[in-house]
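Residue numbers (my numbering): 164 to 358.
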Amino acid sequence: IGYIPWMFNLPAPQPAHAIAFAQLTKSQGFSAPFGLTTAERRHPEFRNRGIGTCEWDGALWPFATSQTLYALANFLRTQADIAHASHLTPRTYFDAFLTYTRSQRANGLPYIGEYQDEGTGDWINGKNDRSRYYNHSTYADLLITGIIGLVPRPDDIVEIDPLLPTDTWNWFCLDGVKYHGRMLTVIWDKDGSRY
164 IGYIPWMFNL PAPQPAHAIA FAQLTKSQGF SAPFGLTTAE RRHPEFRNRG
214 IGTCEWDGAL WPFATSQTLY ALANFLRTQA DIAHASHLTP RTYFDAFLTY
264 TRSQRANGLP YIGEYQDEGT GDWINGKNDR SRYYNHSTYA DLLITGIIGL
314 VPRPDDIVEI DPLLPTDTWN WFCLDGVKYH GRMLTVIWDK DGSRY
């Protein structure tokens, strides 16, 4: 929740902000085996409210993770010097996105629910109708705007700024995206052999 201002690029760049974002990669901060927690894991009241009561004391919430990843993408793009000084790079975003991707499963099948245990990956209230129809992940947006890098803008400029580390995917194609009255195709082909 504390990262939401960066979703909208509200904070002015300050080196002190990097300290907050650095907590995304720390196991006593927000980094857990199955994703980014909603409270710091070092806090004495972390996950002490029980389960199944809509608690926000540390469990993973896909919508909160989406908000945090949007914020991280904006921070990396608009405050790159500050981010890099704290060892935050596109790899930080990519790794968090991959963890997020792997967490969206249940019983071996794709699944997105309300909220999840950070250590086991079990969906809390997973069989409850409210949870299993709780598709708040904005997963496709994170792939399109973050990894592929089609940055939403209010003007007609098409900005592509991928957060894909250079040593990862050799190619991708995002085709048929309607954007400001245009149909866009974004292609990445590392060595020209795919497209």
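Built from N, CA and C at the ideal position, the CB exists for glycine as well.
{"query": "Segment contact, 8 Å Cβ cut-off, at least three pairs: the stretch 201-219 with the stretch 259-272", "result": "no"}
{"query": "Meets three-Cβ-pair contact criterion under 8 Å: the stretch 183-191 and the stretch 245-261", "result": "yes"}
{"query": "Contacts around residue 332, its chain only, beta-carbon distance under 6 Å, and the 5 residues preceding and following it disregarded", "result": "none"}
{"query": "Identity of the residues DSSP links to residue 351 by a beta bridge", "result": "335"}
{"query": "Whole-Å CB distance - residue 327 paired with residue 350, under 8 Å assumed", "result": "13 Å between Cβ atoms; not a contact."}
{"query": "8 Å CB neighbourhood of residue 165 in its chain, flanking five on each side removed", "result": "183"}
{"query": "Beta-carbon gap between residue 196 and residue 281 smaller than 8 Å", "result": "yes"}
{"query": "Whole alpha helix (DSSP H) elements within the stretch 181-254, 4-residue minimum", "result": "225-241 and 243-248"}
{"query": "Residue environment, residue 317, which counts as buried when at least 16 other CB atoms sit within 10 Å", "result": "exposed"}
{"query": "Residue 237 versus residue 177 - alpha carbon distance", "result": "14 Å"}
{"query": "Spatially closest choice to residue 354 from 329, 337, 303 and 344, by CA coordinates", "result": "329"}
{"query": "Contact check, residue 229 vs residue 301, beta carbons under 8 Å", "result": "yes"}
{"query": "Runs of alpha helix (DSSP H) wholly within the stretch 269-317 (minimum 4 residues, chain order)", "result": "292-295"}
{"query": "Strand pairing of residue 342, partner residues [DSSP]", "result": "345"}
{"query": "Residues that residue 323 bridges to, as DSSP identifies them", "result": "313"}
{"query": "8 Å Cβ cutoff met for residue 198 and residue 262", "result": "yes"}
{"query": "DSSP-derived helix/strand/coil call for residue 329", "result": "coil"}
{"query": "For residue 164, the three-state DSSP class (helix, strand or coil)", "result": "coil"}
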